[in-house]
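Everything below concerns the one structure shown next.
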Amino acid sequence: MKHIITRKEDLNSGDYVMDVIAPEVAKKFQPGNFAVLLTIPNGERIPMSIERAEGDKITMYIKRLGKTSRELDSWKVGDSFHKIIGPMGTAPTLKEFGTVVFASDLVCGHAENSAMCRELKKIGNNHVISIQSFPTKDDVYPEKELSKEYCDEFILATEDGSVGKKGHYLDIIKDLLEERKIDQVFAGGGIPPLQKLSELTKKYNVPVMTTVRQIMVDATGMCGSCRVFVGGEQKLACIDGPMFDGQKVDWESAISRLAMFKTKEAEAMECYNKEIKELK
Amino acid sequence: MAIKERVPMREQAPEKRIKNFDSVPLGYSIEEAVSEAKRCIQCKNPLCEIGCPVRMKIRDIIHYIAMEDFKSAFLLAKSDNAVPAITGRVCPQEEQCERKCILGKQSKAINIGKLFAFVADWARENNVVEDVKVIENGKKVAIVGAGPAGITCAVDLRKLGYKVSLFEALHMAGGVLQYGIPAFRLPRDVVDYELSFLEKNGVDVELNSIVGQNIDFEDLRNDYDAIYLATGAGAPKFLGCAGEKLKGVYSANEFLIRVNLMKAYKFPKWDTPIICGDKVGVIGCGNVALDSARCAKRLGAKEVYILYRRTKQHAPARIEEILHAEEEGIIFKEMVAPCYMTGTDDGWVNGIQLIKTEFKGVDKSGRKRPVNLENSEHIFELDTVINALGTTPNRLFLSKVPELETYDWGGIKINDNYMTNMDGVFAGGDALTGGSTVIEAMGNGRDAAKVIDEYIKK
Ligand SMILES: Cc1cc2nc3c(=O)[nH]c(=O)nc-3n(C[C@H](O)[C@H](O)[C@H](O)COP(=O)(O)OP(=O)(O)OC[C@H]3O[C@@H](n4cnc5c(N)ncnc54)[C@H](O)[C@@H]3O)c2cc1C
Ligand SMILES: Cc1cc2nc3c(=O)[nH]c(=O)nc-3n(C[C@H](O)[C@H](O)[C@H](O)COP(=O)(O)OP(=O)(O)OC[C@H]3O[C@@H](n4cnc5c(N)ncnc54)[C@H](O)[C@@H]3O)c2cc1C
Ligand code: SF4
Ligand code: SF4
Ligand code: FES
Chain A
1 MKHIITRKED
11 LNSGDYVMDV
21 IAPEVAKKFQ
31 PGNFAVLLTI
41 PNGERIPMSI
51 ERAEGDKITM
61 YIKRLGKTSR
71 ELDSWKVGDS
81 FHKIIGPMGT
91 APTLKEFGTV
101 VFASDLVCGH
111 AENSAMCREL
121 KKIGNNHVIS
131 IQSFPTKDDV
141 YPEKELSKEY
151 CDEFILATED
161 GSVGKKGHYL
171 DIIKDLLEER
181 KIDQVFAGGG
191 IPPLQKLSEL
201 TKKYNVPVMT
211 TVRQIMVDAT
221 GMCGSCRVFV
231 GGEQKLACID
241 GPMFDGQKVD
251 WESAISRLAM
261 FKTKEAEAME
271 CYNKEIKELK
Chain B
1001 MAIKERVPMR
1011 EQAPEKRIKN
1021 FDSVPLGYSI
1031 EEAVSEAKRC
1041 IQCKNPLCEI
1051 GCPVRMKIRD
1061 IIHYIAMEDF
1071 KSAFLLAKSD
1081 NAVPAITGRV
1091 CPQEEQCERK
1101 CILGKQSKAI
1111 NIGKLFAFVA
1121 DWARENNVVE
1131 DVKVIENGKK
1141 VAIVGAGPAG
1151 ITCAVDLRKL
1161 GYKVSLFEAL
1171 HMAGGVLQYG
1181 IPAFRLPRDV
1191 VDYELSFLEK
1201 NGVDVELNSI
1211 VGQNIDFEDL
1221 RNDYDAIYLA
1231 TGAGAPKFLG
1241 CAGEKLKGVY
1251 SANEFLIRVN
1261 LMKAYKFPKW
1271 DTPIICGDKV
1281 GVIGCGNVAL
1291 DSARCAKRLG
1301 AKEVYILYRR
1311 TKQHAPARIE
1321 EILHAEEEGI
1331 IFKEMVAPCY
1341 MTGTDDGWVN
1351 GIQLIKTEFK
1361 GVDKSGRKRP
1371 VNLENSEHIF
1381 ELDTVINALG
1391 TTPNRLFLSK
1401 VPELETYDWG
1411 GIKINDNYMT
1421 NMDGVFAGGD
1431 ALTGGSTVIE
1441 AMGNGRDAAK
1451 VIDEYIKK
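In order, the protein sequence lines correspond to chains A and B. Note that the working numbering has the first sequence beginning at 1, numbered continuously upward. Note that the working numbering has the second sequence beginning at 1001, numbered continuously upward.
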């Protein structure tokens, strides 16, 4: 099976969206699952959230970050991936919660936001509120890539207030928790805000499910690289997660472990830049 | 008649080989192999064969080698063992075939492993292949897991005419042969070649297919006449102690998967990174521990320690690997057990608390039992810890099929016919035992193929 790119567009100056043919992954996808990408034969197995699955295609939002995501950014429609594997992870059980919020502030969170709101909306009488926050106006995704049309209430926020409400999703959610009865919160994106959100929701006694990103290798439960500690128990983000009860997660170790390969990632980037220069 | 000395195996010199991942043994030349084969006294009652879990026809194979009829030797080897080039390199021969060899009483046993590796390598270099004629029987079997057990079962069933689909979770087939055992023990061109017969003979290999995750087990049950579970024991055990969250603490599986499957030793040409410090401690002394230690050495670690609660004489690792590790400067710190890991303020491991042990009595398996010596705790400074405490059966699959009966520790339960509590679902290899050897897993695969054939024909 050739995993051909059928669409690639910029979402903002840092993020881009890709539609790729991956029928096996699309067929089994449930919101909250992710895919594992092996872009080239000597590439790394990297996890990537799936924003949607339609027909034989999956959609992913990707941040230009290090070597792999930048190299991938140079690819065009018609190019194909070496391998796309998945869907991976355990999708959280969705049910009729009542008033449910999905909050996100970063690429992977935004992808999950759309995927989950779409699904939550289908279930019973859920009242679905989506909050998507961006640093500033220029970072806001094109309207059709926001979760606006999948929820009952959509709140766009920018940290400098240049468009939508002013503040991070943490500020918005705090007000919501003050003002109304919220039954369940979901969130994805940057890890430090997820820790703060978990503390905040705890104060209001509202349950929260958060995506805990960790470094993955096999993503089939065989290496333990992605281990996270939830309520004192060791879990594997790749097969037990990546969504966990945020109020029970040991965030300190999660944040620390996510940065384990920083020096190596910089080295990979340097090497890649050098290769590009030599090509030119 | 005096028995000649064993023909020595040429090896890469230790100073040189710790800088590369190439094979340590260089293999017998034709002259060397023939000369070694001629040492065999062709016993009427070859005890060596009793020592081999798949009962290879060792005596006759060696006879062919001595007669320089390598083709016949290869074909005979292949008739009992789908991957002689692999088992010749990784079997614990000193516990199996070579242990029983009669020559061992007076001199050194015949080097059976290296002779078989020679013959299989010769066949590969000379394009000699076994001729397999498959007469399709129209029945279908699904095999889950492409490690030694799954591969052997797949080949045998294919030869009997079954349409075989082999589902593998990773992006390469081979199981531990691919992701666990390093290339300096088992060169990857050998593995790739030995596995290529799967597709050549029409076994349908489905990579990236994780049964229970992106392939439904129910679908397999509906679509196939029988299923063989050979999912291995790939889930790492952790100590469950303080400090396991620290950066620089790996399970042996993670360390080895990064190095062997993802080729982190070629970083940044290959994308997967690994961080290996200067002073590495490996907990355990089995094959997995030694493989990790020797990989760490090759990644440039200055000091590598094996931390073991017994002495190396009591270790489960192959003797050849212990000798090789010692030559490479791996330091064996014996009679110590780990307590917990200590770390820096920014979350990197910087030491391990050890406690001394002493032998007291024997355990259930008859081995001397190490017990902790009170008040002997001490901190040992390290910057990388690799935990090789063993593995348990992969739980992803098991968690998706709760009806399947297992032991508390995760091993799949079977009856005398390799069948699980589910009709038509068989199991074998490390998924039953929690970890054994390549050849035991293959023997399981072979036996299972027979009972699956009987089951379907019934
Ligand atoms: C469940 C999950 C879902 C994700 N969803 C998305 C998504 O929708 N969009 C997106 O852009 N990114 C997502 N990521 C992160 C993505 O995997 C990394 O951005 C990617 O691996 C970076 O690779 P790189 O070579 O470009 O950067 P690198 O320079 O290699 O790494 C940059 C940072 O990415 C993270 N990272 C690196 N390697 C891995 C790895 N093997 N596994 C996990 N994280 C890694 C680390 O935090 C690292 O510091 C997700 C991660 C997880 C675990
Ligand atoms: C580092 C190391 C060194 C070793 N050294 C030696 C040695 O020198 N000599 C020796 O004899 N033995 C050695 N062993 C032990 C030997 O490798 C194993 O006993 C043997 O590989 C077991 O074979 P298996 O087929 O049961 O399982 P495995 O080789 O573990 O293969 C199982 C396969 O199933 C796949 N799988 C798991 N779950 C699923 C699923 N749900 N769907 C699809 N596929 C799945 C896995 O990805 C894997 O590829 C070593 C083991 C290790 C880890
Ligand atoms: S398969 Fe292993 S035990 Fe059997 S003869 Fe070969 S090396 Fe010896
Ligand atoms: S026991 Fe030793 S000498 Fe006898 S047949 Fe076997 S390998 Fe040859
Ligand atoms: S990524 Fe290896 S266990 Fe999760």
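Don't be surprised by glycine CBs; every beta carbon is placed ideally from N, CA and C. Note that the coordinates shown come from a computational prediction; the quantities given were computed from them, not determined experimentally.
- Each of A:K121, A:A219 and A:Q247 was checked against the Cα of V206 (chain A), and the nearest Cα belongs to A:Q247.
- Per DSSP, reduced to three states, the secondary structure at C1339 (chain B) is strand.
- Residue-level contact by beta carbon holds for A268 (chain A) and chain B, with a gap shorter than 8 Å.
- Here S253 (chain A) has F229 as same chain residues with Cβ atoms under 7 Å from its own Cβ, once five neighbours each way along the sequence are excluded.
- Chain order gives the chain B residues near F261 (chain A) as P1273 and I1275, where near means a beta carbon separation below 8 Å.
- Look at N1394 (chain B): its beta carbon is less than 7 Å from one of the heavy atoms in ligand 2.
- In terms of beta-carbon proximity, L1396 (chain B) lines the interface with chain A, with at least one pair separated by less than 8 Å.
- The three-state reading of DSSP puts K1140 (chain B) in strand, counting E and B together.
- In this structure, G1286 (chain B) has its beta carbon at no less than 7 Å from each heavy atom of ligand 5.
- Look at T1087 (chain B): its beta carbon is less than 7 Å from one of the heavy atoms in ligand 3.
- CA-CA distance, I1151 (chain B) to K203 (chain A), rounds to 55 Å.
- For G1113 (chain B), the closest alpha carbon among the candidates B:C1153, B:A1169, B:V1090 and B:I1306 is that of B:V1090.
- At a cut-off of 8 Å, the C-beta of W1409 (chain B) has no neighbouring C-beta in chain A.
- In terms of CA proximity to A1077 (chain B), B:W1122 leads the group B:W1122, B:H1314 and B:L1047.
- Residue pairing by DSSP puts V228 (chain A) in a beta bridge opposite A:K235.
- Nearest CB-CB separation between S1251 (chain B) and chain A: below the 8 Å threshold.
- Sequence-distant partners of E96 (chain A) (beyond 5 residues in either direction) whose C-beta falls short of 7 Å from its own C-beta, in its chain, are I123, G124, N125 and N126.
- The beta carbon of D73 (chain A) sits closer than 8 Å to the beta carbons of Y16, I62 and R64 from its chain, once the five residues preceding and following it are set aside; these are given in chain order.
- Here C1295 (chain B) is near V1259 (chain B), since their CB atoms are less than 8 Å apart.
- A contact between stretches requires three or more CB pairs, one per stretch, nearer than 8 Å, and the segment 1216-1233 of chain B meets this requirement with the segment 1136-1144 of chain B.
- In this chain, S74 (chain A) is not harboured by any alpha helix (DSSP H), its DSSP state being neither H nor E.
- Taking 8 Å as the upper bound for CB-CB distance, L1382 (chain B) and V1349 (chain B) are in contact here, some 7 Å apart.
- Listed in chain order, the alpha helix (DSSP H) elements of length 4 or more contained wholly in the segment 1279-1358 of chain B are 1287-1298 and 1319-1327.
- In this model, R1010 (chain B) and S1023 (chain B) are separated by some 11 Å (Cα to Cα).
- Shown here, T1392 (chain B) sits in a strand according to DSSP, grouped into three states.
- W251 (chain A) sits buried, since 16 or more C-beta atoms from the chains shown fall within 10 Å of its C-beta.
- In the same chain as E1068 (chain B), and ignoring 5 residues on each side of it, the C-beta atoms closer than 7 Å to its own belong to V1034, in chain order.
- With contact defined as three or more Cβ pairs closer than 8 Å, the segment 1389-1396 of chain B and the segment 1226-1240 of chain B are in contact.
- A direct Cα-Cα distance of roughly 31 Å separates V217 (chain A) from Y1224 (chain B).
- Annotation for E1098 (chain B) indicates a beta carbon at 7 Å or more from all heavy atoms of ligand 2.
- Taking 8 Å as the CB threshold, M1341 (chain B) stays off the interface with chain A.
- Pairing V1304 (chain B) with V1288 (chain B) gives a Cβ-Cβ distance that is not under 8 Å.
- If you look at L176 (chain A), you'll find it in the alpha helix (DSSP H) that goes Y169 to E179.
- With fewer than 16 other Cβ atoms inside 10 Å of its own Cβ, N1127 (chain B) counts as exposed.
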